[in-house]
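In the working numbering, the protein residues as written are 655 to 1743.
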């Protein structure tokens, strides 16, 4: 093969140079262009062959993730160039973009934002085309954009941190290129979520249809159509329910910088048509410069079915007040979409003057009129001012009613802070006629009110109120109330009430740091209820509720204290027909209660009442008191008290079978309380105090001047304690103190718990004559001029007299009594002291000691009811230094049994022990009467009256002068219905006598006086027989005749029966009558005549 060579190079060069310059340049450019096109074709062919979908997908995922602050995952990326040149068509099966801008934020902040905050966007199938030739000129021209299943999740964490700011590190502040598109659409529903962490707001938009089509004129103008639903929530509160919208209109674009505008854009929200204007700028950040919308004739019912700002409890009132709304919305300040919070949008609402229709339970309608209502709502800008809503002052008026209202609320998108001002007046009668609930109360008078209420709705739910504040006043002018169905009437002249309160937090379960106070005053207040009338003048009252810590309504240890104070110049209470009258002057009341609001349960409470003077008329009785004060307090115990069970002592049950067969008074003192009262006593500690400086009790039943002083009483569920009491009834004066204890166990125990008592009574003077005389006088005043003691203490046996008188076996009492001076008839007793105890149904009067002008008495007495089968009385008595003359002068009834004792004088000492059993029907078991009596006589002198002189003559004793006797030692006993005097010696002059004998309870007697030593040389004796009232004296032997004594014992009393209760009634009646006869009190001393 031969080599081909150019054999004429120089010739050819010379030929090319000889051509014109333009021709040479054109040939050169043609060669260059051909070469470039050839090389480009070779390169594009090579790229098309090498750049398979797999390689292109990997390149896009890798390179795009490097160049932005996000991880991009695309699937099956494909492109087409040759068939669509100069448009580059791209198809992608799906794209997912996960932002990396929130990586590395603190864990506390991470836990407070949504879990999917890193997810930014995703699509299904995506198709579109771009003109690559125009792209070289920085002119973006796209066509046929189609996006399937679009999901956008835009999260703003702070002003400088968001998940969509993925280009911030690569921002070169270049201008946005020119952009145009012939059409774009979403081929399936799309979801766009916008979350703002600082304001805790969330907007969720579901797009069912979205498309944009380029218009022919003007340039860069599009027809944009969007349909879908939108929901808005704020801090877990739903502000806007799922609300449909439909947008159709013209979208205009401008570039350098990019600006998007809507002009007279048609919008439909919740079925209402409106017009929207919008202007949005896209430079470094997306910014909304202008926005406005207008709607007319909106039905609030439709809006409130979507808007959740107003609680459901208030929607009914809103619907009655607002028939239709004209709404205008506008943007107040430009808004950058990456800034925290919502745009500052202001809405103006106008409601024309109209009617308010309020239906009642009787299907009638109350129609009121309201003036034009204007309101504005602003979302705020979160920087300069929060979101707010304002209702301008407007009036609601009708017949006898005029009400002015206005309201203002701030932070309506976070924690709405609401302030409401109400002012107006109403006629009570009109209100009663209008509202059926008030009709039963028959109100009259004029009500004027002025109040301001403010509160904050919590960001955790609409059931929480924060910072609740109420301030205002209510004036009731000539206010009257007549609730005849309840037996209640009230009237007040110029009643003025001022109130205020704060509650930092209140929910359905808790209350925290609450303060509420009020102050009320009235010139005059009258109340009539259930036959009683209460009149108060110049009354003032104030109260305060305060809680210093957060409390749960269900927590027993937490409650709110309430304090109240009141005072009045005077207060008067009266009953029907003046049966009760009470007046109080200088009245002061203070009280407090610590309670759990809404549960009707208190943790503690207390009250104190003071009054300078109290005057009361109860029936015919008159009571006065001065310097009075009373207090009460109670607190809930942390632990419920358990009451021990008290087992009965053996003595309590020994006669249980007999108790079932015999009538008797209560075996035990008992109280049966309702179960709720028992639980209350077991759970509460209490204290009651009562102090009265002095007072009087004047009653016709005892028409003396009865007074008391220094009353100091304390009481609780455990005990009642009388610290001091001084009492006087004319000339009778005493003081007392004492305590009852173990009351809580007694009131709550399932078994018979004991009641313990300890009482001390010190009597200065007790004038029984005066008291009995006044009692008799009182009987004539209360029961008629012919009334006597017999009127109230009949001399007949009643059924109650034959019932066994049992002393309650669960009473444990100790009583100490002392009396310096006691007057009874002509008897004066001094220095009386005794102790009384009651245990197990046994009454003991021990160490009873008393001095008198004729001697000294010491005595013990027992009344035993511990066994109904062995009711018994025991007596142990000592008399010392008894001067017989004075003794029988005061106790002359004893001479009926021993009539001749009147002839003795001298000093006597005696000791007597006695025992007597009773039948269960309270009849005396006379055969059981036993007594042992010892008598000692000193310096005894026997006076010779006719009976004694008869005896002395029989003994041949000359002279009628008194006989001086030696000391006497007498022993007598009572047994088997007999009184037996054992023989004892009597020495005088030249005589020694022996005296003894017996008599039965019928009065039959046989006594023998034996002459043991006398001037008469033969022994003899004198028999005294017959009856105590008609003795017979005969000579007899020198010794006691046993046969004659048996005659007395054979005729023991069998038919005569004595009932103890009847005997005691007769004894009491006789004592009262004799004391009353001895009373020397003049009638002028009686309070009632």
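For glycine and all other residues, C-beta sits at the position ideal for the given N, C-alpha and C.
Considering residue 1402, what are the terminal residues of the alpha helix (DSSP H) in which it resides?
Its alpha helix (DSSP H) spans residues 1397 to 1402.
In three-state DSSP terms, what is residue 903?
strand
How big is the Cα-Cα spacing for residue 1564 and residue 1536?
Going by the C-alpha atoms only, they are around 9 Å apart.
Please go through the same chain and pick out, in chain order, the residues whose beta-carbon is closer than 6 Å to the beta-carbon of residue 1369, but skip the five residues on each side of it.
Answer for residue 1369: 1342, listed in chain order.
Residue 1093 by DSSP, collapsed to three states: which one?
DSSP places residue 1093 in helix when its eight states are reduced to three.
Output the distance between the C-alpha atoms of residue 793 and residue 896, rounded to the nearest integer angstrom.
40 Å
If you count every other CB in all the chains shown that lies within 10 Å of the CB of residue 1626, and 16 or more means buried, which is it?
buried
Are the beta-carbon atoms of residue 1729 and residue 1422 separated by less than 9 Å?
A contact, by the Cβ cut-off of 9 Å.
On the DSSP bridge assignment, give the partners of residue 1157 in chain order.
1122
At which residues does the beta strand (DSSP E) containing residue 799 begin and terminate?
793 to 801
Taking buried to mean at least 16 other C-beta atoms within 10 Å of its own C-beta, is residue 1541 buried or exposed?
buried
Rounded C-beta distance between residue 1561 and residue 1532? I'm assuming under 8 Å.
In fact, because the Cβ distance is near 14 Å, the residues do not count as touching under 8 Å.
Residue 1726: buried (16+ other C-beta within 10 angstroms of its C-beta) or exposed?
Flag for residue 1726 reads buried.
Beta strand (DSSP E) containing residue 1477: first to last residue?
1465 to 1478
Report yes if the C-beta distance between residue 893 and residue 809 is below 9 Å; otherwise report no.
A distance of 9 Å or more separates the beta carbons of residue 893 and residue 809.
Kindly indicate which three-state DSSP category residue 1740 falls into: helix, strand or coil?
coil
From the DSSP output, in three-state form, read off residue 934 for me.
strand
For residue 1527, name the three-state secondary structure that DSSP assigns.
strand
Could you give the distance in angstroms between the alpha-carbon of residue 1291 and the alpha-carbon of residue 1259?
In this structure, the straight-line span from the alpha carbon of residue 1291 to that of residue 1259 is close to 13 Å.
Go ahead and label residue 1420 buried or exposed: buried means 16 or more other beta carbons lie within 10 angstroms of its beta carbon, across all protein chains shown.
buried
Does residue 715 come out as helix, strand or coil in the three-state DSSP assignment?
Secondary structure at residue 715: helix, using DSSP grouped into helix, strand and coil.
Distance, Cα to Cα, residue 1065 vs residue 716?
46 Å
Under the assumption that residue 1101 contacts residue 1082 (Cβ atoms under 8 Å), give the Cβ distance between them as a whole number of angstroms.
6 Å
Just grab the DSSP bridge partners of residue 1100 for me.
1081, 1131
Tell me the DSSP secondary structure of residue 1540 in three-state form.
helix
Taking only the alpha-carbon atoms, compute the straight-line gap between residue 1491 and residue 1514 and give it to the nearest angstrom.
11 Å
Residue 1127: which of 1135, 1120, 1149, 1293 sits nearest, CA to CA?
It is 1149.
Rounded to the nearest angstrom, how far is the Cβ of residue 1559 from that of residue 1589, given a contact under 8 Å?
Incorrect: roughly 14 Å between the Cβ atoms, too far for contact.
Count the other C-beta atoms from every protein chain shown that fall within 10 angstroms of the C-beta of residue 1318, then say buried if there are 16 or more, exposed otherwise.
buried
Tell me whether the beta-carbon of residue 1660 lies closer than 9 Å to the beta-carbon of residue 1640.
no
If you count every other CB in all the chains shown that lies within 10 Å of the CB of residue 720, and 16 or more means buried, which is it?
exposed
Where does residue 1207 fall in DSSP's three states?
Bear in mind that the predicted position of residue 1207 carries a pLDDT of just 40, short of 50, making it too unreliable to give a figure here.
How far does the beta strand (DSSP E) with residue 1281 in it reach, from first residue to last?
For residue 1281, the enclosing beta strand (DSSP E) has its first and last residue at 1275 to 1290.
Buried or exposed: residue 770, going by 16 or more other Cβ atoms within 10 Å of its Cβ?
exposed
List the residues that DSSP assigns as beta-bridge partners of residue 929.
Residue 929 pairs with 920, 948.
May I have the straight-line CA-CA distance separating residue 1380 from residue 1366, to the nearest angstrom?
When rounded, the distance between both Cα atoms is 10 Å.
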